[in-house]
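The opening position of the sequence shown corresponds to residue 1 in the UniProt record's numbering, with each subsequent residue numbered one higher.
Glycine included, each C-beta is placed from N, C-alpha and C at the ideal position.
Since this is a predicted model, take the numbers as computed values, not measurements.
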Amino acid sequence: MKKFFINIRYFIVPVLCSVTILGLIVGGPFVWTGAVLFLVGITIDTLVIKFHTKGAGVDENGKSYGIKELQNLVMYFMLPVFIILQVALAWRVYQYTNGADFGLVTLFGWLPVQTGITGLELYGATLSAGAFAGLGIIYGHELSHTKDIGWPISRLMMGLSGAAHFCYAHVYNHHLELAHENDPATSPRGRSLYKHFWLSHMGQSKFSYDLEREKLEKQGKSFFSLDNKWITGYIISLPTIILFVWAGGIVGVACMFFLWTVSNFELEALNYMEHFGLVREKDKPIEHRHSWDNDTAFTSWFFIEIGRQCDHHVRGETHFWELEDVGGPNPGWGYFTGFTLALVPPLWHALIKKKLDHWDNTFANDAEREIATKINKQASYA
């Protein structure tokens, strides 16, 4: 029974994502369900910030309590959830642009559905869908570290989110250049979340572009071919583009870009919080101190242990339920709380400077401390 409860606590996002989809279908004020649930997440994360966990844990035989088959099944399940989420939103876009009459119908003999949607409700529907598409991306991240069916599923999930470059950039750039200026996903000290969102997203795409260009040149192949993973990655985005163009023309495209912007903003916010301001010498080994760890209970369960960045970046192909508490640097707040702080740059910088001072004096080696000192002056952190 203990093993069962340990595993189902990682089902929060799939369940809430399904509830968000239901809200889009029911319509009316329920289209705001996803946005409201996100605010509830911020509240809970902040209230239970003092509760910590050491991961899924192991039994008396040293075997992880995580059930591989079950967790993989749930992660694979998130692909159709992604698709249904987009279809549900596109349906509401179609109703709005075609002026569907307002009314109430019943589906399956029990589910009341409001037909028709106002402009404000369409905004709420898109915001809700974007919020949980972004949270669902954590499953695309986890699967990007696998070599079986999980890899193409990850590519599909990220492609449908307008971020097909992620899989290659994350594994072959971020995990190799972490905490160095050559890693677009690592934010330097002094940068705001809003600036990092754009620079990280485009920087990772450029890395994937350059990676494929150099590879194809060596193979004597044309850049414009289906052998180009950068191009084929964005081709994966076409079904989503076609769906929203069909659903609402310009309005549909606007909703699609808003959906992608919100979800990718959340993705880059995670990168921002996980590595902000940490430094490493070029070509030196990546160690536990080069990531911010997060062991708050609600964040650990909601984000399927993605907060155990210190262990994750040393053992990249380790399943999330096998990641351990390695005693790395820890800001002390959960991801929802950190995200809220990062939305207000002056507040974020005022608080994170103290955390970085501690990192510089406690975790950094002499060379890293010297690098940090120079950057602190440039970022007005000194």
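- Judged by DSSP secondary structure, V262 falls outside any beta strand (DSSP E) and instead within the alpha helix (DSSP H) spanning L238 to H275.
- Taking C-beta separations shorter than 7 Å and ignoring five residues to either side along the sequence, the partners of Y172 in its chain run L211, following chain order.
- Within the same chain, and ignoring the five residues on either side of N294 in sequence, the residues whose Cβ sits closer than 6 Å to its Cβ are G307.
- The way I'd put it, the region 251-265 does touch the region 86-95; three or more beta-carbon pairs between them come closer than 8 Å.
- Non-local beta-carbon contacts of L135 in its own chain, meaning distances under 6 Å to residues more than five positions away in sequence, involve V13 in chain order.
- By DSSP's assignment, S222 forms no beta bridge with any residue.
- Secondary structure note for L111: its beta strand (DSSP E) is the uninterrupted segment L111 to T115.
- Looking at the backbone, the Cα of G316 and that of S380 are separated by about 34 Å.
- As a beta-bridge residue in DSSP terms, S64 pairs with V58.
- Under the three-state reduction of DSSP, V105 is assigned to strand.
- Distance from Q86 to T240 at the Cβ level is roughly 6 Å; contact confirmed, criterion being Cβ atoms closer than 8 Å.
- Segment contact: the region 188-196 against the region 337-356, three or more CB-CB distances shorter than 8 Å; contact assigned.
- Under the criterion of beta carbons closer than 8 Å, V279 and A179 qualify as touching, at roughly 6 Å.
- Here the region 135-148 makes no contact with the region 210-225; the two share fewer than three CB pairs at distances below 8 Å.
- Residues of the same chain with a CB within less than 6 Å of the CB of G28, apart from the 5 flanking positions on each side, are Q114 in chain order.
- Judged by DSSP in its simplified three-state form, T299 adopts helix.
- In the DSSP assignment, S128 falls within the alpha helix (DSSP H) that extends over G119 to L143.
- The secondary-structure analysis by DSSP pairs H52 across a beta bridge with T296.
- For the pair K374 and I21, the Cα-to-Cα distance works out to about 48 Å.
- Separation of E214 and L226 (C-alpha to C-alpha, rounded to the nearest whole angstrom) is 15 Å.
- Following the DSSP letters along the chain, one finds H349 inside the alpha helix (DSSP H) bounded by residues P345 to T362.
- For the pair of segments examined, the region 48-66 was found to touch the region 296-311: the number of CB pairs separated by less than 8 Å reaches three.
- Nearest in C-alpha terms to P345, of all of E322, N330, Y272 and P329, is Y272.
- Counted as a single uninterrupted DSSP element, the alpha helix (DSSP H) harbouring Y168 occupies residues F166 to A169.
- Going by DSSP, M158 is part of the alpha helix (DSSP H) stretching over G150 to L160.
- Its chain contains V279 and E281 as the residues whose beta carbon lies nearer than 8 Å to that of I371, once the 5 sequence neighbours on both sides are disregarded; these appear in chain order.
- Taking the Cα positions, A100 is about 51 Å away from C310.
- Minimum Cα-Cα distance from H201 among the listed residues F265, P152, I6 and K218 corresponds to F265.
- Per DSSP, D283 is not a residue of any alpha helix (DSSP H), being assigned neither H nor E.
- With a cut-off of 8 Å on Cβ pairs, the region 226-237 is not in contact with the region 126-140, counting fewer than three such pairs.
- The continuous stretches of alpha helix (DSSP H) do not include P184, and DSSP gives it neither H nor E.
- Rounded to the nearest whole angstrom, the C-alpha separation of W321 and E305 is 7 Å.
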